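Protein chains in written order, with the working numbering: chain A, 1 to 337; chain B, 338 to 674.
Just so it is clear, CB atoms sit at the ideal spot from N, CA and C, and this is done for glycine as well.
This structure is a prediction, so every number in the text was calculated from the model and none was measured.
Reading through the structure tokens given below for one structure.
Protein chains: 2
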Amino acid sequence: MTDEPTRRPAAPTIYDVAREAGVAPSTVSRTFARPGRVNADTAAHIREVAARLGYRANPLARALSTSRTKMLAVMVSDVTNPFYSELIRGAQIAASEADYTVLLADARESDQVERESLERVLPAVEGIVIGSSRMSDSTLRVIAKQKPMVVLNRDLMGVPSVVTDNPRGMRRAAEHLGELGHEAITYVAGPEASWADGMRWRALREAGHELALSTRRIGPFAPTTEGGAEAGAQMLDGPPTAVIAYNDLMAIGLLRFLVAHGVRVPEDVSLIGFDDIMAARLVTPPLTTVAAPVRAMGITAVRNLVALINGAHARAAEAFVLPTRLVVRGSTARRRR
Amino acid sequence: MTDEPTRRPAAPTIYDVAREAGVAPSTVSRTFARPGRVNADTAAHIREVAARLGYRANPLARALSTSRTKMLAVMVSDVTNPFYSELIRGAQIAASEADYTVLLADARESDQVERESLERVLPAVEGIVIGSSRMSDSTLRVIAKQKPMVVLNRDLMGVPSVVTDNPRGMRRAAEHLGELGHEAITYVAGPEASWADGMRWRALREAGHELALSTRRIGPFAPTTEGGAEAGAQMLDGPPTAVIAYNDLMAIGLLRFLVAHGVRVPEDVSLIGFDDIMAARLVTPPLTTVAAPVRAMGITAVRNLVALINGAHARAAEAFVLPTRLVVRGSTARRRR
DNA sequence: TTGAAAGCGCTAACAA
DNA sequence: TTGTTAGCGCTTTCAA
Chain A
1 MTDEPTRRPA
11 APTIYDVARE
21 AGVAPSTVSR
31 TFARPGRVNA
41 DTAAHIREVA
51 ARLGYRANPL
61 ARALSTSRTK
71 MLAVMVSDVT
81 NPFYSELIRG
91 AQIAASEADY
101 TVLLADARES
111 DQVERESLER
121 VLPAVEGIVI
131 GSSRMSDSTL
141 RVIAKQKPMV
151 VLNRDLMGVP
161 SVVTDNPRGM
171 RRAAEHLGEL
181 GHEAITYVAG
191 PEASWADGMR
201 WRALREAGHE
211 LALSTRRIGP
221 FAPTTEGGAE
231 AGAQMLDGPP
241 TAVIAYNDLM
251 AIGLLRFLVA
261 HGVRVPEDVS
271 LIGFDDIMAA
281 RLVTPPLTTV
291 AAPVRAMGIT
301 AVRNLVALIN
311 GAHARAAEAF
321 VLPTRLVVRG
331 STARRRR
Chain B
338 MTDEPTRRPA
348 APTIYDVARE
358 AGVAPSTVSR
368 TFARPGRVNA
378 DTAAHIREVA
388 ARLGYRANPL
398 ARALSTSRTK
408 MLAVMVSDVT
418 NPFYSELIRG
428 AQIAASEADY
438 TVLLADARES
448 DQVERESLER
458 VLPAVEGIVI
468 GSSRMSDSTL
478 RVIAKQKPMV
488 VLNRDLMGVP
498 SVVTDNPRGM
508 RRAAEHLGEL
518 GHEAITYVAG
528 PEASWADGMR
538 WRALREAGHE
548 LALSTRRIGP
558 FAPTTEGGAE
568 AGAQMLDGPP
578 TAVIAYNDLM
588 AIGLLRFLVA
598 HGVRVPEDVS
608 LIGFDDIMAA
618 RLVTPPLTTV
628 AAPVRAMGIT
638 AVRNLVALIN
648 GAHARAAEAF
658 VLPTRLVVRG
668 STARRRR
């Protein structure tokens with residue numbers, strides 16, 4: 001089965017083009033790398049020859065001499081999580097704008113895979129966006145020392161970050177529940193180590209304080225539908241009237257669990273998620289949620305990363321805060337009990 | 338704002354290690370590239386020094402001299418489509434097994450973006466998996482001539498492919514509906530150019546023929562929830578009792594449209610999708626669907642691609658066919674009218 | 001088993 | 001504006 005590789009024609013190089021066009025190789029190089037530094041006519045001629053020969057600059061060779069690989073890494077904990085696929089989409093958009101290619105590092109929710117993935121990808125890229133990571137702050141900081149880095153929804157002293165406005169989002173969610181007559185809100189916590197989780201719970205506590213709503217917290221749970229179901233199991237006897245979950249996936253898991261066990265949503269329990277993933281719209285009832293501008297986050301992160309690569313100073317003191325928005329759908333209603 | 342780049346320590350090279358270890362650079366190279374060709378003790382020493390210095394082989398430099406970049410491209414039409422994210426997951430798994438990195442080429446449902454994406458990525462990779470593409474067969478074949486390629490759910494003469502067993506899946510779906518007493522099945526078609534769509538419709542016709550069920554087809558529609566809703570609008574007056582949609586996204590869009598317009602599922606209409614994406618489980622009622630082993634497809638595709646790269650012969654005559662499975666959930670029921 | 005030297009395809013001084 | 005000449009960091013002959 002395994003034989004000698006099929007012969008494929010070797011890709012033409014700068015030298016082939018140079019010979020064919022009757023100029024020096026460096027002139028060919030210039031034509032593509034710094035047009036303007038070469039006579040318009042010669043350039044045209046060279047391009048013509050190059051096109052005829054099907055010449056494409058070898059990006060690796062270019063990278064070797066310029067040490068600009070034009071590649072970026074985006075690290076996520078799970079590609080199949082819709083939150084991250086939207087993030088990747090944003091990153092791709094901004095990357096191609098800046099003529100960068102993105103390497104996907106998918107941790108597959110495993111520390112070891114995350115390491116290996118990073119190892120593999122890091123030496124090839126000029127910078128990295130940490131969409132999510134289980135690595136410790138100090139580990140990340142070490143990496144940030146080697147390559148430009150932007151982190152998402154995380155607070156890493158000295159490393160620029162892009163975050164969503166959790167406090168405002170949570171505040172709006174709490175207000176919404178307050179307006180519907182709810183007096184107590186239960187927060188279903190996500191992963192313990194999550195910065196966003198801490199932010200959200202804190203924001204809820206503060207909002208509760210100001211709005212005279214009592215708050216409590218259960219968890220932590222996995223940030224998945226399974227985690228949500230687990231939370232549901234814990235609240236089955238004496239469910240609260242209002243719940244805010246760490247994210248949509250959990251809210252959906254919780255929603256389905258409750259409904260399956262005879263608790264009606266929103267009649268018995270009002271439920272709010274975070275992120276506004278596509279599935280939030282699809283469940284019955286559709287989920288009220290605090291929408292995060294995920295794609296915009298990806299775009300912002302990459303734009304900042306590229307700026308960093310190009311020598312911008314890491315204005316790391318303040319994070320880039322992107323606005324959230326409460327999307328009211330069917331899972332919240334006036335309190336009835 | 339844009340200033341001189343922050344100084345980052347230059348990564349140690351093979352020369353640094355060589356000097357520090359008191360050996361020739363080529364020996365350091367050998368230690369990593371072909372261990373066994375170097376004395377065990379020297380090798381150990383070199384590794385020790387390398388570790389101490391934090392040496393990491395520069396993959397680009399290596400690629401330049403070996404012309405093995407250890408990178409693969411996966412082209413998809415839309416990263417945010419759950420079908421493709423699962424595919425990417427599979428590709429990642431197989432790629433890391435083989436010590437390859439994957440470059441994601443996301444077409445964002447646009448021809449132009451697809452082109453650019455491909456241009457950007459192609460010269461850097463050793464091979465490419467076409468998860469989906471709007472490119473013509475002939476264009477793809479041209480590319481396959483330059484780089485090893487594996488296509489998914491598509492039939493490209495001369496190019497190895499991985500497909501799901503659409504005929505069997507469709508057959509099972511039709512049988513299921515037949516057993517529930519349905520006598521006519523409407524197929525809601527996906528994108529016109531889609532090979533899978535053609536396969537599915539053909540398979541349904543044949544199954545219908547054998548099972549004495551009448552079949553008809555409407556569409557094409559976009560393979561999205563929006564497309565599904567559009568189809569719903571077309572069938573509002575006099576809806577069929579049984580519908581099979583090109584994929585889950587469409588089925589879900591259709592489902593929600595029908596329910597919103599007073600048509601009950603599954604009481605009035607039984608509905609089946611394809612793929613078994615996560616959302617299929619989340620909608621109400623949960624969707625009966627023909628599950629595709631998406632992750633396995635990604636794995637299979639990449640494994641084959643790697644084999645191809647290593648010189649396996651393209652046994653392109655037969656495609657790799659992966660089994661499908663009918664997952665019966667709540668959207669199908671006995672015919673009542 | 002090791003070292004010396006050439007070269008992968010490109011860019012970047014430096015001259016001309 | 002163009003050509004000449006060194007490399008970029010690694011692998012790979014070829015000798016020793």
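Membership of B/Val643 in the alpha helix (DSSP H) is indicated by the continuous run Val631 to Ile646. Taking the Cα of B/Asp474 as reference, the smallest distance to any Cα among B/Pro460, B/Gly495, B/Val606 and B/Val386 is reached at B/Gly495.
By the Cβ criterion, the region 106 to 116 of chain A is not in contact with the region 374 to 382 of chain B, since fewer than three pairs of Cβ atoms, one from each stretch, lie closer than 8 Å. When Cβ-Cβ separations below 8 Å define contact, B/Pro396 makes contact with chain A. DSSP places A/Tyr187 in the uninterrupted beta strand (DSSP E) bounded by Ala184 to Val188. Interface annotation for the region 108 to 132 of chain A against chain B: Arg108, Val113, Glu116, Ser117, Glu119, Arg120, Val121, Leu122, Pro123 and Ala124, criterion Cβ-Cβ distance under 9 Å. In terms of Cα proximity to B/Leu459, the closest of B/Gly427, B/Met507 and B/Ala410 is B/Ala410. In the DSSP assignment, B/Thr626 forms a beta bridge with B/Gly610 and B/Val664. The C-beta of A/Asp106 comes closer than 8 Å to at least one C-beta of chain B.
At the C-beta level, B/Thr661 and B/Asp502 come within 8 Å of one another. For the region 277 to 299 of chain A, residues whose beta-carbon sits nearer than 8 Å to a beta-carbon of chain B comprise Met278, Ala279, Leu282, Val283 and Thr284.
Annotated three-state conformation of A/Ser214 is strand, per DSSP. Chain order gives no chain A residues near B/Leu548, where near means a beta carbon separation below 9 Å; the closest approach is about 31 Å. Interface residue (Cβ-Cβ distance to chain A less than 8 Å): B/Gln571 is not classified as such. Distance from the Cα of B/Tyr583 is smallest, within the candidate group B/Ala510, B/Leu619, B/Ala644 and B/Gly635, for B/Ala510. Taking a contact as a CB-CB distance under 8 Å, the pair A/Val17 and A/Ala50 counts as one, their CB atoms being some 5 Å apart. Using a Cβ-Cβ cut-off of 8 Å, B/Thr561 is close to nothing in chain A; its nearest Cβ partner there is about 10 Å away. Judged by DSSP secondary structure, B/Met572 falls outside any beta strand (DSSP E); it is assigned neither H nor E. Counting other Cβ atoms within 10 Å of its Cβ, B/Lys482 stays below 16 and is therefore classed as exposed. Against B/Ala400, the close residues of chain A are Leu60, in the order they occur along the chain (beta-carbon pairs closer than 8 Å). Taking a Cβ-Cβ cut-off of 8 Å, the neighbours of A/Ser96 in chain B comprise Val450, Glu453, Ser454 and Arg457, given in sequence order.
Among the CB atoms of chain A, none fall inside 8 Å of the CB of B/Ile522. A check of alpha carbon separations from A/Arg216 across A/Arg205, A/Glu226 and A/His313 identifies A/Arg205 as the nearest. With respect to chain A, the C-beta atom of B/Ser414 has no partner C-beta closer than 8 Å.
Per DSSP, A/Ala124 lies in no alpha helix (DSSP H) segment and is marked neither H nor E. Residues of chain B whose Cβ lies closer than 7 Å to the Cβ of A/Ile252 are, in chain order, Leu619.
Taking the Cα positions, B/Arg640 is about 19 Å away from A/Val113.
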